[in-house]
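Under the working numbering, the first residue of the sequence shown carries the number 13, and numbering increases by one thereafter.
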Amino acid sequence: MFEDKSVQEDVMRELDWEPAVHSTEIGVAVKDGIVMLSGTVGSYAVKRAVEHAATRVRGVKAVSSQIEVKPTGAGARSDADIAWAAANTLAWNALVPSGRVTVSVTNGWITLEGVVERRFQRDAAEDAVWGLAGVVGVTNLITLCAAVPAQELKDEIESALARCAGVNPRPGRISSPASAEPATASAEAISAGPASTAALARNQAGRLGIAVSDSVIIPVLYSLPTASTPATAATAWLR
């Protein structure tokens, strides 16, 4: 069990090691493992750096950030300037499909909207703009519209589960919405741990443009039959 005082000191030391952060500008309080950050910084990029530094510390259960972003001097930009810079940054980003994402800016806060096919494209759009000068925050409202049939997604996830098993060529099976086939997998497939197996399946789905959460995959993996449990199965629906 980590003492709050010890966690607070470790977070402050971690901030000292973060080159983008002036640690004297940041207040750190800890209660029951919850870190509360306060202070004022000159850019959203610095705010993110502070938050990420805090989450790296052992004993931190969650981070509540009350840090304000107030660009000043050369870092200050008008909404029109930020919108122009963001639009051009997205246009030059090879991972963001052209013409699929729109940008609006209000008081320095960027809102991204549009429709893309892949999760990495959605993430790439946000990553491209949060470091721009004058930005105080980003809201990503880009939605996913998968161009992959459910059966193809099912086959790809089965393949990912089979690769995870390694020693057993028999693939696991994940049911698609069009099929009532139950989800099953070998004990070897689960031996690597449900979380790691789910990560592979989720990442495979993400590459195909489908957002599949742990709430869908993890319960299925815990319900799969192993050598020591009855051969019952749970039906998983990819929502």
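By construction, the Cβ of each residue, glycine as well, lies at the ideal position given by its N, Cα and C atoms.
{"Asked": "Would you call residue 22 buried or exposed, if buried means 16 or more other Cβ atoms sit within 10 Å of its Cβ?", "Found": "buried"}
{"Asked": "Are residue 75 and residue 47 close, meaning C-beta to C-beta below 8 Å?", "Found": "yes"}
{"Asked": "Going by C-alpha distance, which of 153, 16, 133 and 88 is nearest residue 73?", "Found": "16"}
{"Asked": "Roughly how many angstroms lie between the CA atoms of residue 58 and residue 34, to the nearest whole one?", "Found": "9 Å"}
{"Asked": "Enumerate, from N- to C-terminal direction, the unbroken alpha helix (DSSP H) stretches of 4 or more residues contained entirely within the segment 22-80.", "Found": "56-67"}
{"Asked": "Please return the same chain residues whose Cβ sits closer than 6 Å to the Cβ of residue 134, not counting the five positions on each side in sequence.", "Found": "128 and 154"}
{"Asked": "Where does residue 165 fall in DSSP's three states?", "Found": "helix"}
{"Asked": "What is the DSSP secondary structure of residue 108, reduced to helix, strand or coil?", "Found": "coil"}
{"Asked": "In whole angstroms, what separates the C-alpha of residue 280 from that of residue 30?", "Found": "Outside the shown range of the chain (13 to 251) lies residue 280, about which nothing can therefore be said."}
{"Asked": "According to the Cβ coordinates, are residue 20 and residue 42 closer than 8 Å?", "Found": "yes"}
{"Asked": "Between the C-alpha atoms of residue 63 and residue 49, what's the straight-line distance to the nearest angstrom?", "Found": "8 Å"}
{"Asked": "For residue 120, does the three-state DSSP call read helix, strand or coil?", "Found": "coil"}
{"Asked": "Buried or exposed for residue 60, please, with buried defined as at least 16 other CB atoms from any protein chain shown within 10 angstroms of its CB.", "Found": "buried"}
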